[in-house]
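Reading through the structure tokens given below for one structure.
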Amino acid sequence: MPNLQFNKPAADTVAVVGELTRDSLTNESLLNQLLENAQSVLYFDLSEVSRVDTAGLAWLIHSLGKLKQQDVRLELKNVPDQLQNLMALGQVSNLFE
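Per numbering that gives the first Met the number 0, the sequence shown starts with residue 0, numbered consecutively.
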């Protein structure tokens, strides 16, 4: 199973480390833990994402929706080229602007 970790280097930042793929995104409760007590803005730092697929993109969109329900804005930092390409293909880049 691909390795995926989430670290919180700061209260407003979640560092995503490893593969953001269908095989690594299996724990919904993990998302809920990450999103607890979010302030007005939460940053996902993607600088250490080694691989991403459409399930990873869907997870980001899902996270965006959950945070929006809590009046929290999600911003992506250090977006890998692979994810930028998927976002462009899916015409969802504007969701994260």
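The beta-carbon is built from N, C-alpha and C at its ideal position, and this holds for glycine as well.
Integer-rounded CB distance, given that residue j should sit under 8 Å from residue i
| i | j | result |
| --- | --- | --- |
| L73 | L41 | 6 Å |
| A14 | N2 | The pair is not a contact, with the Cβ atoms about 14 Å apart (cut-off 8 Å). |
| T20 | V51 | 7 Å |
N-terminal and C-terminal residue of the beta strand (DSSP E) that residue i is part of
| i | result |
| --- | --- |
| G17 | 12–19 |
| F5 | 3–9 |
Residues of its chain near residue i, where Cβ-Cβ distance is below 8 Å and the 5 sequence neighbours each way are ignored
| i | result |
| --- | --- |
| N77 | D44, L45, S46 |
| L34 | L41, S62, K65, L66, Q69, V71 |
Pairwise C-alpha distance: residue j and residue i
| i | j | result |
| --- | --- | --- |
| V71 | V16 | 22 Å |
| A54 | Q83 | 14 Å |
| E18 | P8 | 19 Å |
| P79 | E96 | 15 Å |
Same chain only: Cβ atoms within 7 Å of residue i, ignoring 5 sequence neighbours per side
| i | result |
| --- | --- |
| Q4 | V16, G17 |
| T12 | Y42, D44 |
Chain-order list of residues whose beta-carbon lies under 6 Å from that of residue i (same chain, five-residue window excluded)
| i | result |
| --- | --- |
| Q81 | V51 |
- Task: Identify every run of the alpha helix (DSSP H) within the region 22–84, keeping only runs that are complete inside it and at least 4 residues long; order them along the chain.
- Result: 27–34, 53–68
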